[in-house]
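Written below as structure tokens is the structure these notes are about.
Number of protein chains: 2
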Amino acid sequence: MKKNATVYTVAERAGVSIATVSRTLAGSPKVASLTRQRVLQVVDELNYVPHPAARRLAHQRTDTIALVFPDISGPYYSSVIRGVEQATGVHDYNVLIYGTRDKARSDQFLRGLTSKIDGLIFLARSIEEDYLAWLQKQDIPFVLIGPSAPLAPSDSVSVDNLHGAYQAARHLLWHGHRRIAIITGPSNSPDCRQRLDGYKRALREAGLSLPPEWIITGNFQYEGGRTAMVQLCQQDSPPTAVLAANDEMAMGAISAARQYRLRLPEDMAIIGFDDIQVAGMIDPPLTTVLQPMQRLGEKAVELLFQRIRTQGAPWQNEILPTHLVVRRSCGCLTNQGLSQKSRVSALTPFSR
Amino acid sequence: MKKNATVYTVAERAGVSIATVSRTLAGSPKVASLTRQRVLQVVDELNYVPHPAARRLAHQRTDTIALVFPDISGPYYSSVIRGVEQATGVHDYNVLIYGTRDKARSDQFLRGLTSKIDGLIFLARSIEEDYLAWLQKQDIPFVLIGPSAPLAPSDSVSVDNLHGAYQAARHLLWHGHRRIAIITGPSNSPDCRQRLDGYKRALREAGLSLPPEWIITGNFQYEGGRTAMVQLCQQDSPPTAVLAANDEMAMGAISAARQYRLRLPEDMAIIGFDDIQVAGMIDPPLTTVLQPMQRLGEKAVELLFQRIRTQGAPWQNEILPTHLVVRRSCGCLTNQGLSQKSRVSALTPFSR
DNA sequence: CTGAAAGCGCTAACAC
DNA sequence: GTGTTAGCGCTTTCAG
């Protein structure tokens, strides 16, 4: 393997000093345009690219950020990753990715990270708050994707969970539903708490009571959605509509509802959250609250760069809008016009 | 921000030279165990971690690999990423990720990459063959995830597409189908060609002819699957079963078939490929050929490390097994026992 | 076994 | 404008 060109090679060949080469490449204004041209030409001839490690060592920065994501990576994380990658690429930065895996590692791991990267992006709550505090003490810039941690305020970018869920619930109310349940995610998810709040607000505003048995805690997964819907269906007076805190659970709910021989959306309307890629591909096409995943990644990068540039600034907590994507599982766009009446029909599960 | 500890700090405090510190950390056998202990203790006290850039500069290696993936990243890529990340983590390597984006960039981009990484993993055919050749000339190790490129032989890890498709087709034959179509991916996908071959072989072995109108070229996307199925249904004598080259197209096909009022799987059996996460969550649950995504990523890392370690070795082209995941869209597990007869029923589309 | 010293390739004061 | 030079933090001969 032929050794790569270095500043020295280039300098020599261009008949200048290495400083001039470095200056030229840095775009310094104080280089005679003739010299510049000569250098640039040699650079091109030799296909010279500055050695990143050397540059980093001298510069004391890495031009690299890390993206750390939790182990349970749902289908939509890839959109966020893509957003991050794209946005950093524009700035000529690199992205290192890390899964959190075993906690054991992350302590050691984070320490080692320090001089590997200029900043971090955490996906969801992929990290304990203590670490966040530690990072702040080290002056290592980071931004959270998700609601910011109460104990360790920082930059963050999240979506308008409250409004999204509120709108979804309102939509169900608009369809005439009065018995609306919700399947939430794990109670330690801050996103979920906000979604729950949105749901509650909508129902309260409509003057409806919220029987506790209509608030079921799920786990963000398909099976959890199934189980939750089964619980709902077995109640004495089951709901006629349910809001799920993510699309996977909504899909699970759909599947369970089918087993109870419920017609969707006539007997049971369902709205999800996220708008994952397959949401529109299932039957019935899922009405859901869209989160701008890719945008989330891009925005996180933006905030991170601002923070890297100017450490002192006040924290920014960006909230990206969500909006309802209306498909058929809510009762809209139904061809057969019987949706309005059938909702009141009996809900006795078939299998009991 | 307190400056981080360096070899010098540690050396001084431990009363040894920097060389000894370096040796200790490198695990060199020729360090008196007493000295070693002293050094290690100081290292611990100071929370010392060698500066990666400095180490890289001295070492001339980066302990980093890059994963480059194409722009059209389907839902399953995240599993591959996870596999890669996990496997590299074990070796204490880092993973940089890059999307290919605009071709324009990738030329410049690849050159710059050289000293950033020790090796590359390419997802699918995310890169032109010329670049692969160029990389080989530079002695930059890389492995392909997907069938190896004919013009630039290299390490690769792919799945047994042929056998997977073959098995799927056989399964359909076993169900009694004789009129089996296939929706392939873009013709430039080597994976797809192999799948097509598997399908053809199974049908030939069964003594069936292959009318060209039953081989439809799709685009790996949902809409492509829809379009293809519509084409199929509009034929004079439509197939009774179809094989799709990936799950998204299978889902599109299902949706289109429904519009033609076909009952699934009774009137139309469908088998997909990939086994993406949602395959089991749709209606009917999709029978499909499983690709071990995560394993694919892990294996790629394994091959890459071998290559990095010993450059001279012959190319390895690993092929991971696929297998049929039987759910309901093929006609299995159907509760109502009428599947065998209804298949011959008329296929006149409802909407014509 | 241990230390001194020469790089690794680049940047940025500092002179001229 | 341009060159000289001193680091950046670590690894690795080469002596001892």
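In order, the protein sequence lines correspond to chains L and H.
So the mapping is simple: my numbering equals the position in the first sequence, first residue as 1, plus 1348.
So the mapping is simple: my numbering equals the position in the second sequence, first residue as 1, plus 1348.
For every residue, glycine included, the Cβ atom is placed at its ideal position computed from N, Cα and C.
Since this is a predicted model, take the numbers as computed values, not measurements.
Query: Kindly indicate which three-state DSSP category Arg1691 (chain L) falls into: helix, strand or coil?; Result: In this predicted model, Arg1691 (chain L) has a pLDDT of only 35, less than 50, meaning its place in the structure is not dependable enough to derive any value.
Query: Roughly how far, in whole angstroms, is the beta-carbon of Arg1676 (chain H) from the beta-carbon of Pro1613 (chain H), given that I think they are within contact range, below 8 Å?; Result: 6 Å
Query: With H, G and I counted as helix, E and B as strand and the rest as coil, what does DSSP make of Ile1602 (chain H)?; Result: helix
Query: Runs of 3 residues minimum, wholly inside the segment 1575-1644 of chain H: which ones carry the beta strand (DSSP E) assignment?; Result: 1589-1592, 1617-1622, 1635-1638
Query: For the candidate residues L:Met1577, L:Ile1469, L:Pro1498, whose alpha-carbon lies nearest to that of Val1649 (chain L)?; Result: L:Ile1469
Query: Tell me the rounded alpha-carbon separation between Ile1413 (chain L) and Leu1461 (chain L).; Result: 10 Å
Query: Hey, could you find the ends of the beta strand (DSSP E) Glu1666 (chain L) is sitting in?; Result: 1665-1668
Query: Quick one: is Leu1652 (chain H) near chain L, going by C-beta distance under 8 Å?; Result: no
Query: In whole angstroms, what separates the C-alpha of Ile1564 (chain L) from that of Gly1512 (chain L)?; Result: 19 Å
Query: Quick check: what's the CA-CA separation for Thr1670 (chain L) versus Tyr1514 (chain L)?; Result: 11 Å
Query: Would you identify the three-state DSSP class for Tyr1446 (chain H), choosing helix, strand or coil?; Result: strand
Query: Listing by chain order, which chain H residues have their CB less than 9 Å from the CB of Gln1434 (chain L)?; Result: Gly1447, Arg1449
Query: Could you work out which residues of chain L lie near His1399 (chain H), taking near to mean beta carbons separated by less than 7 Å?; Result: Ser1463
Query: What first and last residue would you give for the alpha helix (DSSP H) that runs through Ala1554 (chain L)?; Result: Neither: Ala1554 (chain L) is in no alpha helix (DSSP H) and is coded neither H nor E.
Query: Would you say Met1606 (chain L) and Asp1631 (chain H) are within 8 Å of each other, going by their C-beta atoms?; Result: One point to set straight first is that residue 1606 (chain L) is Arg, not Met, in the sequence displayed. A contact, by the Cβ cut-off of 8 Å.
Query: Grab the span of the alpha helix (DSSP H) containing Asp1392 (chain H) for me, first residue to last.; Result: 1381-1394
Query: Would you call the segment 1353-1362 of chain L in contact with the segment 1386-1395 of chain L, where contact means no fewer than 3 C-beta pairs closer than 8 Å?; Result: yes
Query: Leaving out five residues on either side along the sequence, give the residues of the same chain with a beta carbon under 6 Å from the beta carbon of Asp1623 (chain L).; Result: Thr1636, Leu1638, Val1673
Query: With a threshold of 8 Å between beta carbons, is Asn1567 (chain H) in contact with chain L?; Result: no
Query: Excluding the 5 residues flanking Ile1656 (chain H) on each side, which residues of the same chain have their C-beta closer than 7 Å to its C-beta?; Result: Asp1466, Gly1467, Pro1489
Query: Output needed for Arg1549 (chain L): all residues of its chain with C-beta closer than 6 Å, excluding positions within five of it in sequence on either side, in chain order.; Result: Tyr1514
Query: Would you give the residue range spanned by the alpha helix (DSSP H) that Ser1496 (chain H) belongs to?; Result: Here Ser1496 (chain H) belongs to no alpha helix (DSSP H), and DSSP marks it neither H nor E.
Query: In terms of residues, what are the limits of the alpha helix (DSSP H) holding Thr1368 (chain L)?; Result: 1366-1374
Query: Would you list, in chain order, the members of the segment 1619-1637 of chain L that have their beta-carbon closer than 7 Å to a beta-carbon of chain H?; Result: Gln1625, Val1626, Met1629, Ile1630, Asp1631
Query: Just how far apart, CA to CA, sit Ala1516 (chain L) and Gly1494 (chain L)?; Result: 20 Å
Query: If Gly1431 (chain H) sits next to Glu1646 (chain H), beta carbons under 8 Å apart, how far is it from one beta carbon to the other, in whole angstroms?; Result: 5 Å
Query: Is Ile1656 (chain H) helix, strand or coil when you go by DSSP?; Result: helix
Query: Under a three-way DSSP split, which group does Ser1677 (chain L) fall into?; Result: coil
Query: Would you mind reading off the limits of the beta strand (DSSP E) that contains Ser1504 (chain H)?; Result: 1503-1507
Query: Using a C-beta to C-beta distance shorter than 7 Å, which residues of chain L count as neighbours of Val1443 (chain H)?; Result: Leu1444, Ile1445
Query: Quick one: does Asn1594 (chain L) have its CB under 8 Å from some CB of chain H?; Result: no
Query: Using the rule of at least 16 other Cβ atoms within 10 Å of the residue's Cβ for burial, across every protein chain shown, is Lys1464 (chain L) buried or exposed?; Result: buried
Query: So which residues on chain L does Arg1404 (chain H) lean against when the C-beta distance must stay under 7 Å?; Result: Ala1401
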